[in-house]
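In what follows, a single structure is set out as structure tokens and then discussed.
Residue numbers (my numbering): 4 to 394.
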């Protein structure tokens with residue numbers, strides 16, 4: 004038991020310690036139960052041969068319970084599964100509340116009466132340009148999309164979650180559908196189309212939204228999705244009406260995608276993103292994300308991209324970070340200052356919280372009206388500049 008306690012003290016005291024892939028400092032309660040479980044494993048291994056069957060069984064149960072409590076403490080910290088039902092529904096791929104199929108969507112379009120809420124539809128977007136093996140994604144269509152025979156070419160926001168998760172995270176954890184429905188209720192059914200994108204292809208594939216050994220995530224986000232949404236749902240082609248918003252890895256992605264592809268996206272909300280795409284260490288990032296290609300790494304670092312690009316037009320965004328994230332605060336200020344030098348308007352907003360979904364969800368809700376306002380262009384002809392890469 005003393006060995007486990009000693010290891011616990013060393014691990015918890017090390018600021019770079021990680022557990023279950025969570026890179027932010029974990030609360031002591033997590034390390035406490037991790038230490039209890041570790042001590043149980045040691046006791047179990049040492050005393051297995053001499054212990055009776057009932058002591059072995061008790062020790063196995065104790066270790067399992069300690070592991071379960073530790074996992075639950077991590078979940079409480081990051082806020083990934085707020086309820087048991089949400090966990091079960093995610094594991095069993097249960098449709099999200101209000102979710103319909105593409106065939107079911109056809110029966111609800113063209114109504115004479117404005118629906119009280121939008122609809123969430125599951126889509127299988129062809130990876131025509133990226134060949135990225137992604138999961139099924141989701142699209143939120145606001146009430147105005149269903150009203151009348153001639154729907155407007157609506158603006159679009161791509162929403163990207165963290166390095167571990169799935170397309171439904173912004174629905175389950177970020178409350179994005181409720182936020183958009185509330186906005187639409189106040190604006191006669193009008194709101195942007197939301198695309199809940201898959202930037203990682205699976206739960207533990209940290210792509211940082213770049214093209215590399217882990218898949219052509221960038222091409223999927225800036226080519227596959229825009230072309231599909233424009234064609235399938237009649238969305239706007241104008242980059243001034245396209246935005247990217249994300250949390251954690253998704254925050255890093257939001258800025259990178261905008262500064263690298265201003266012909267596709269002109270607005271961003273970066274919630275607790277990093278200075279540049281990053282996995283665990285600089286060396287690991289270079290290897291994991293770019294296969295050791297330094298030139299490719301530099302081509303995906305926002306500071307270098309902005310400097311090389313020069314002046315931007317119509318591009319703006321928000322950096323949202325929490326009071327407990329000092330590193331993210333400094334990096335956001337650095338990025339915002341660099342953006343201003345190349346004509347990108349941005350603002351850094353710091354609110355109470357930590358690097359968890361419980362911070363990201365209300366931060367997005369607060370920023371959403373600002374973003375919707377940026378996407379609402381005045382009446383008149385719009386300049387369309389969508390560029391297409393060879394398939």
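From the three backbone atoms N, C-alpha and C, an ideal C-beta is built for every residue, glycine too.
May I ask you to verify whether the segment 319-327 touches the segment 280-299, counting CB pairs closer than 8 Å and requiring at least 3? no
So, for residue 176: in the same chain, excluding its five sequence neighbours on each side, which residues have a beta-carbon less than 6 Å away from its beta-carbon? Within the same chain, residue 176 has close Cβ partners 360.
Can you tell me where the beta strand (DSSP E) with residue 148 in it begins and where it stops? For residue 148, no beta strand (DSSP E) run applies, since DSSP gives it neither H nor E.
Determine the direct distance from the alpha carbon of residue 159 to that of residue 145, and round the result to whole angstroms. 11 Å
Mapping the DSSP letters down to three states, classify residue 333 as helix, strand or coil. helix
Inter-residue Cα distance where the pair is residue 237 and residue 284: 42 Å
Short Cβ contact (8 Å threshold) for residue 223 with residue 342: no
May I ask which residues mark the beginning and end of the alpha helix (DSSP H) holding residue 228? 228-236
Under three-state DSSP, which class holds residue 349? strand
Alpha-carbon spacing of residue 163 relative to residue 377, whole angstroms: 19 Å
Around the C-beta of residue 191, are 16 or more other C-beta atoms found within 10 angstroms, so that it is buried, or is it exposed? exposed
Specify, as a first and last residue, the run of the alpha helix (DSSP H) that residue 261 falls within. That run of the alpha helix (DSSP H) goes 252-263.
Does any CB atom of chain D fall closer than 8 Å to the CB of residue 172? Judged by its chain identifiers, the structure shown contains no chain D, having just a single protein chain.
Indicate the three-state DSSP secondary structure (helix, strand or coil) for residue 140 in the structure shown. DSSP places residue 140 within a strand segment (E or B) once states are collapsed to three.
Quick check: the Cα distance between residue 188 and residue 239, rounded to an integer number of angstroms? 21 Å
Going straight from the alpha carbon of residue 227 to that of residue 128, what length do you get? The alpha-carbon separation between residue 227 and residue 128 amounts to approximately 7 Å.
Just checking, does the segment 292-307 make contact with the segment 356-373 on the three C-beta pairs under 8 Å criterion? no
With a threshold of 6 Å on Cβ separation, who are the neighbours of residue 264 within its own chain once the five nearest residues in sequence on each side are excluded? 225
Check for me: the beta strand (DSSP E) holding residue 319 runs from which residue to which? 319-325
Should residue 252 and residue 207 be called a contact, given that it needs their Cβ atoms to be closer than 8 Å? No. Outside cutoff.
Inter-residue spacing [alpha-carbon to alpha-carbon] between residue 157 and residue 345: 28 Å
Look up residue 300 in the DSSP assignment and say whether it is helix, strand or coil. helix
For residue 165, three-class secondary structure by DSSP: Coil at residue 165, not helix or strand.
Give every residue of the same chain whose Cβ lies closer than 8 Å to the Cβ of residue 327, excluding the five residues on either side of it in the sequence, and list them in chain order. 356, 357, 358
Can you list, in chain order, the stretches of the alpha helix (DSSP H) that have 4 or more residues and sit fully within the segment 168-243? 172-175, 179-189, 228-236
By a C-beta neighbour count over all protein chains shown, 10 Å radius and 16 as the cutoff for buried, is residue 155 buried or exposed? exposed
Taking 8 Å as the cut-off, decide whether the C-beta atoms of residue 261 and residue 270 are in contact. yes
Can you say whether residue 24 is buried or exposed, counting buried as having 16 or more other CB atoms within 10 angstroms of its CB? Residue placement at residue 24 is poorly supported in this model, since its pLDDT is 47, which falls under 50; the coordinates are not used for a value here.
N- and C-terminal bounds of the beta strand (DSSP E) containing residue 125: Here the beta strand (DSSP E) through residue 125 covers 122-126.
When we look at the beta-carbon of residue 313 and count the other beta-carbons within 10 Å, is it buried (16 or more) or exposed? exposed
Three-state secondary structure (DSSP) at residue 134? coil
Give the DSSP-derived three-state secondary structure of residue 3 in the structure shown. Residue 3 lies beyond the residue range present for the chain, which begins at 4 and ends at 394; the question has no answer from this structure.
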